[in-house]
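Down below is the structure, laid out as structure tokens.
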Amino acid sequence: MACLYITEQGSKITTSAGKIIIECRDGTKKSFPKETLESIMIFGNSSMTVPVKKFCLEKGIKVTFLSTKGKYFGRLASTSHFYAERLKKQVYLSDSNSDCLEFAKKIQAAKIHNQRIILKRYEKHSDKDIKEELDRISIYENEISQCKSVDEVLGYEGMAAREYFKALSKIIREEFAFDGRSRQPPLDAFNSMISFGYTIVFYEIFAEVESRDLSPYIGFIHKIKRNHPTLVSDMLEEWRALLVDSTILSLIQGNEISIYEFSHDEETGAVYLSDNAIKICVRKIEEKMRKEMNYLEYLDSPVSFRRAIWWQIKSLAGCIDNGSFEKYYPLKIK
């Protein structure tokens with residue numbers, strides 16, 4: 004199963020003879036068998052016919068609408084079912100300091116572990132010294148288990164993140180070097196790409212969270228904010244380094260994208276992806292989403308990264324039903 008990304012402006016999505024058809028402004032057409040689609044992401048100004056919308060609603064195909072730069076507008080989703088009892092349990096757990104702390108420790112320790120392993124992988128092919136950063140990251144990872152509050156966990160996570168991005172900037176191709184993490188707006192090409200990638204994965208998770216009758220807005224780690232899907236932010240932590248950072252690093256270090264694919268806004272300092280850069284990133288991230296791995300310790304067979312997200316949200320829902328995060332196992336790479 005795949006996600007269909009619509010990045011060509013002015014495209015029209017129709018359906019005929021069991022296929023989803025993309026009609027581009029230049030008259031070219033592309034078609035995809037209906038049964039192969041799991042979700043659709045539309046970037047910018049493209050349209051869908053009513054029959055396509057009905058089909059997506061009937062089959063549970065998630066449709067997300069974003070701007071060309073990744074700003075979220077909304078989703079097409081059915082409201083035909085909802086499990087209120089699960090929502091009550093979700094709210095109850097979100098009010099439990101001990102349960103939130105347990106979940107935060109698991110998620111953030113796994114995130115830091117994965118960041119460290121990714122750095123070690125790329126260190127092998129670099130002449131830059133990142134030993135100090137790796138040592139500090141290991142210390143912060145070990146400190147997580149001793150934390151007494153979620154805020155303390157997030158403090159160590161933040162310190163690990165600073166060391167992680169400092170090390171990444173050392174080993175990345177020189178023209179893509181950056182000065183720490185920047186967002187809203189991203190101030191360099193690397194941050195622009197990972198922010199775009201996080202957006203894609205964020206709304207993949209959003210759709211899975213809703214499909215499990217969970218509220219995206221009631222989380223356990225990050226503080227609840229009005230109109231912000233806090234639970235999705237919580238769950239994204241598990242996938243940032245695994246899915247996005249490693250993919251963008253591969254893109255850069257493999258010379259698959261040029262620094263000239265980005266534009267700079269003189270007024271705000273923001274750096275944006277060109278239309279072609281968006282297509283390159285979408286293709287690379289989708290390749291990663293379809294790639295099979297065996298990092299889920301409760302499964303005997305490999306699954307794609309996209310399916311792994313499905314399994315992890317299913318596991319989360321089961322933990323909420325049981326009133327405990329004891330059996331939630333975040334992904335850890337080796």
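In the numbering used here, the protein residues as written are 4 to 337.
A virtual CB, placed ideally from N, CA and C, is assigned to each residue, including glycine.
It should be emphasised that the depicted structure is a prediction, and the values quoted were computed from it without experimental measurement.
Enclosing alpha helix (DSSP H) for Thr-233 [first to last residue]: The sequence position of residue 233 within the sequence shown is 230, counting from 1. In the DSSP assignment, Thr-233 falls within the alpha helix (DSSP H) that extends over 233–239.
### Task
Note down, one range per segment and in chain order, each alpha helix (DSSP H) of at least 4 residues found wholly within the region 85–143.
87–97 and 100–126
Query raised in the report: Just to confirm, are Thr-18 and Val-55 a CB contact at a threshold of 8 Å?
Result: On the sequence shown, residue 18 is found 15 positions in, with the first residue counted as 1. On the sequence shown, residue 55 is found 52 positions in, with the first residue counted as 1. For Thr-18 and Val-55, yes; Cβs fall inside 8 Å.
Report task. Taking only runs that begin and end inside the region 148–226, name each unbroken alpha helix (DSSP H) of 4 or more residues, in chain order. Result -> Runs found: 153–174 and 192–214.
* Provide the residue(s) that pair with Ala-5 in DSSP beta bridges, ordered along the chain. => Indexing the sequence shown from 1 puts residue 5 at position 2. Paired residue(s): Leu-40.
Secondary structure of Gly-77, DSSP reduced to three states: By 1-based counting over the sequence shown, the position of residue 77 is 74. Three-state DSSP puts Gly-77 in a strand.
message = So, with DSSP's three-state summary, where would you put Ile-251?
response = For the purposes of this step, residue 251 is identified with residue 248 of the sequence shown, where counting begins at 1. Three-state DSSP puts Ile-251 in a helix.
- prompt: What do you reckon, are the CB atoms on Ile-260 and Ile-283 nearer than 8 Å?
  reply: Here residue 260 refers to the residue found at position 257 when the sequence shown is read from its first residue. Here residue 283 refers to the residue found at position 280 when the sequence shown is read from its first residue. In this structure, Ile-283 lies closer than 8 Å to Ile-260 by Cβ.
Fill in: C-alpha distance - Gly-326 paired with Ile-115, whole-angstrom precision
By one-based count along the sequence shown, residue 326 stands at place 323. By one-based count along the sequence shown, residue 115 stands at place 112. Answer to the nearest angstrom: the Cα atoms are 26 Å apart.
Tell me whether the beta-carbon of Gln-118 lies closer than 8 Å to the beta-carbon of Tyr-167. For the purposes of this step, residue 118 is taken as residue 115 along the sequence shown, with counting starting at 1. For the purposes of this step, residue 167 is taken as residue 164 along the sequence shown, with counting starting at 1. The Cβ atoms of Gln-118 and Tyr-167 sit closer than 8 Å to each other.
What residues in its chain sit with their C-beta under 7 Å from that of Glu-126, if we drop five residues either side in the sequence?
-> For this step, residue 126 is matched to residue 123 along the sequence shown. Around Glu-126: Ile-133 and Ile-174.
So Phe-68 is in the beta strand (DSSP E); what residue range does that whole segment cover? Taking the first residue of the sequence shown as 1, we reach residue 68 at position 65. Start and end: 65–69.
**Item:** Whole-Å CB distance - Tyr-15 paired with Ser-50, under 8 Å assumed
**Value:** Here residue 15 refers to the residue found at position 12 of the sequence shown. Here residue 50 refers to the residue found at position 47 of the sequence shown. The amino acid at residue 15 is misidentified as Tyr; the sequence shows Lys. With a Cβ gap of about 5 Å, Lys-15 and Ser-50 count as contacting.
For this session: Compute the distance between the beta-carbons of Glu-105 and Phe-328, then report whether it is under 8 Å.
Result: By 1-based counting over the sequence shown, the position of residue 105 is 102. By 1-based counting over the sequence shown, the position of residue 328 is 325. Yes.
>> Relative to the C-alpha of Ser-198, which candidate in Lys-228, Glu-269, Leu-239 and Asp-216 has its C-alpha closest?
In response: Start at 1 with the first residue of the sequence shown, and residue 198 comes out as number 195. Nearest option by C-alpha distance: Leu-239.
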